[in-house]
Ligand code: GRF
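In the UniProt record's numbering, the protein residues as written are 6 to 200.
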């Protein structure tokens, strides 16, 4: 299975997936890293590991449609089977979601459907969880559809919220959980596809 990861930042989820695929000997290979930021940590990691890195941003194109076409062409020419969003901070164009039905995954640092949707990313997810008095948080791997954070949930993992947690502390605990959850969800999905 040929995987593309979409990243915008440090790429710790991308890196965790990369190592887990090797360790678990999953029948998948990350062949493409696509990012709206050419110099982010994820793209550096891709370059270091001889994974094709493609910088694609709306700013490079005269229209959103041209950007969408370029993204579709990149996915097609690399024969991508499955797209994994991993800290990707842009919405996936509807035409791309349509071209990859049930074949785009995302990881969200909270227990969807709670604490999801526009604006719920990075530290403000964790701040909202703490502010709401939740004693449990966690991460969710879900399929991506046209509505932000609304696709079918594939797998979730909980983590405790400590009474004195800062958003940073909770973010750190959830991120560690994401790193193993994403690989487990991928393993499950690949198993389903092979079954
Ligand atoms: C983190 O907030 C993570 O919870 C979410 O995307 C952000 C960056 O992740 N999935 P990464 O380190 O770039 O994978």
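For each residue, glycine too, the CB sits at the ideal point set by N, CA and C.
DSSP assignment within the stretch 133 to 180 yields the following whole beta strand (DSSP E) runs of 3 residues or more, N-terminal first: 141 to 148 and 158 to 165. Residue 195 sits close to residue 33, with the two beta carbons spaced by under 8 Å.
Within the DSSP bridge table, the entry for residue 38 names 10 and 58 as partners.
Only buried fits residue 183, as 16 or more other CB atoms lie within 10 angstroms of its CB. Between residue 76 and residue 61, the beta carbon gap of about 6 Å places them in contact (Cβ cut-off 8 Å). About 7 Å separates the Cβ atoms of residue 128 and residue 173, confirming a contact at the 8 Å cut-off.
In this structure, residue 115 lies near residue 142, with their beta-carbon atoms less than 8 Å apart. If you draw a straight line from the Cα of residue 55 to the Cα of residue 16, it is about 15 Å long. Per the C-alpha coordinates, the member of 153, 179, 31 and 186 positioned closest to residue 95 is 153.
By DSSP's assignment, residue 113 forms a beta bridge with 145. Bounds of any beta strand (DSSP E) do not take in residue 26; it lies within the alpha helix (DSSP H) bounded by 17 to 28.
A direct Cα-Cα distance of roughly 23 Å separates residue 191 from residue 122. Boundaries for residue 80: no beta strand (DSSP E) harbours it, while the alpha helix (DSSP H) harbouring it runs 69 to 82, taken from the DSSP string. Approximately 6 Å separates the beta-carbon atoms of residue 14 and residue 45; this is inside 8 Å, confirming the contact. Residue pairing by DSSP places residue 89 opposite 10 and 110 in a beta bridge.
Within the same chain, no Cβ atom closer than 8 Å to the Cβ of residue 71 is found once the five residues on either side in sequence are excluded. The Cβ atoms of residue 150 and residue 92 do not sit closer than 8 Å to each other.
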